[in-house]
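One structure is given here, and the rest of the page talks about it.
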Amino acid sequence: MTMSALGEPCVLLKLGEVVLKGDNRELFERQLQSNIKAALKGFGLKLDVRQRHGVIAIFLPDGTGVEVADEVARRVACVPGLVWVHRAWRVEKDPGAVTKAAIELLADREDVRRGVSFAVRSRRRDKRFPLTSMQLDRTVGGEINDIYGLPVDLKNPGLVVSIEVDRDEVFVFTGGLPGQGGLPVGVSGRGLVLMSGGIDSPVAAYRMMRRGLRVDFLHFSGIPFTTSESIYKAYALVRALDRFQGRSRLWVVPFGKAQQSIKASGQDRLAVIAQRRLMLKTGEEVARRLRAGALITGDSLGQVSSQTLQNITAQDDAVDMPILRPLIGLDKTEIMAEARRIGTLEISELPDEDCCTLLAPRRAETAAKIADLKQIERRLDAEELAVQLAGSLQEYKIED
Ligand code: ATP
Ligand code: MG
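The letter at position 241 of the sequence shown is residue 238 when you use this note's numbering, and the numbering goes up by one with no holes.
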């Protein structure tokens, strides 16, 4: 049902590091395809996802509107492992058809009316096509120049018309959406993110998803001594992050009573680190149950007193599992810029009653001694407490 010279709308995806993965490549591509299909499930469209050499093409059912195609492109642009997402037209493999499509593609464009400069960039993944890339550039470019009178600018064009000759068809498009880069979620295993309502932990989660980890989220609430607000906030954050991996789960541990016991131990200056160690121990227990192999936090070196080198050392000592800290070398401004880009900053900046404020001492220790912390933990029976806390876990599934 081809209505015009443009052919049918489709979405063309350019793979990132996946193409470098040698022997694992097939595995990575399969994971990526399955992630793409999962991300588009909600559409209820019958989509045809095809792996080609170095690209993936998503063909849409005949008659799919441009708006729907645009929305498909926006959604897949969130799936890690892709560097570019192009809303393209699938055109017959014939130089005349390609030229016609390119001409029609530029009709009714504001920048074309203004006389924008342009370049045609062709690529052949199928070398049997009768024209070389350069001939194709010239033919199509000449025609565009004749019809619209636009100036050619090969160095710094205002508009690029891309033509990609594939095995069974030619893709024609302008522009595109940058993808997330990185690796497909799932190829690196599973991790558990310690998720506060702050700015940093959502960004840490995003960074690790982008390196191929599927993550679960664990939030400690101050309940029963605080309201449920921090849970809503954590939920909203996980929901915002869900578009990068799908099927996300938030786990919540009521932590107020445990915090009170730490406070009662009387070591005010050590309370924050003692509590962080208890969070990590509980996290390790939860991670084991979820078959996750690492804990992830939003720590950044020196940002607050709990993140000095000594205090980070004291936290690593609390668990056997590796603690991944993808933000360790980033500045707050860099973290905030990324939070804004991935859509979590606004949520993180909402006011809430963080459980940590329950035991904010006047002066926090910046060089906690592990022996002192262990003494507090012996009195608390921290190992047993961590198992108990992990047992009080509540699950919140993320709905679309
Ligand atoms: P964030 O912005 O992520 O809250 P922060 O700069 O406020 O981080 P801290 O409050 O010291 O730093 O927390 C350091 C890390 O500890 C957080 O990034 C998070 O991974 C974990 N964390 C802190 N509070 C909680 C909580 N209530 N539930 C789960 N994890 C937490
Ligand atoms: Mg915080």
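For each residue, glycine too, the CB sits at the ideal point set by N, CA and C. Fair warning: this is a prediction, and the values are worked out from it, not measured in the lab.
{"Query": "Considering only heavy atoms of the ligand ATP, does any lie closer than 7 Å to the CB of Gln304?", "Result": "yes"}
{"Query": "Buried or exposed for Asp59, going by 16 or more other Cβ atoms inside 10 Å?", "Result": "exposed"}
{"Query": "Does Gln256 come out as helix, strand or coil in the three-state DSSP assignment?", "Result": "helix"}
{"Query": "Would Glu166 pass as a contact of Glu101 if the rule is Cβ separation under 8 Å?", "Result": "no"}
{"Query": "Which of the three DSSP states is assigned to Lys97 in this structure?", "Result": "helix"}
{"Query": "Measure the Cβ-Cβ separation of Ile270 and Ala365 and say whether it is below 8 Å.", "Result": "yes"}
{"Query": "Among all the DSSP beta bridges, which residues are the ones paired with Val212?", "Result": "Gly188"}
{"Query": "For Gln48, write down the residues that DSSP places opposite it in a beta bridge.", "Result": "Ile53"}
{"Query": "Given this structure, state the Cα-to-Cα distance separating Lys307 from Gly299, to the nearest angstrom.", "Result": "The sequence shown places Gln at residue 307, rather than the Lys named in the question. Rounded to the nearest angstrom, the two C-alpha atoms are 10 Å apart."}
{"Query": "Among Asp317, Val301, Leu267, which residue has its Cα nearest to the Cα of Ala289?", "Result": "Asp317"}
{"Query": "So for Ile339, helix, strand or coil by DSSP?", "Result": "coil"}
{"Query": "Roughly how many whole angstroms lie between the Cα atoms of Arg118 and Tyr203?", "Result": "33 Å"}
{"Query": "So Asp197 and Leu324 are supposed to be a Cβ contact under 8 Å. How far apart are they, rounded?", "Result": "6 Å"}
{"Query": "Using a threshold of 7 Å, is the CB atom of Thr224 nearer than that to any non-hydrogen atom of the ligand ATP?", "Result": "no"}
{"Query": "In or out: Ala104 buried (at least 16 other Cβ within 10 Å) or exposed?", "Result": "exposed"}
{"Query": "Quick one: does the C-beta of Gly295 sit closer than 7 Å to a heavy atom of the ligand ATP?", "Result": "yes"}
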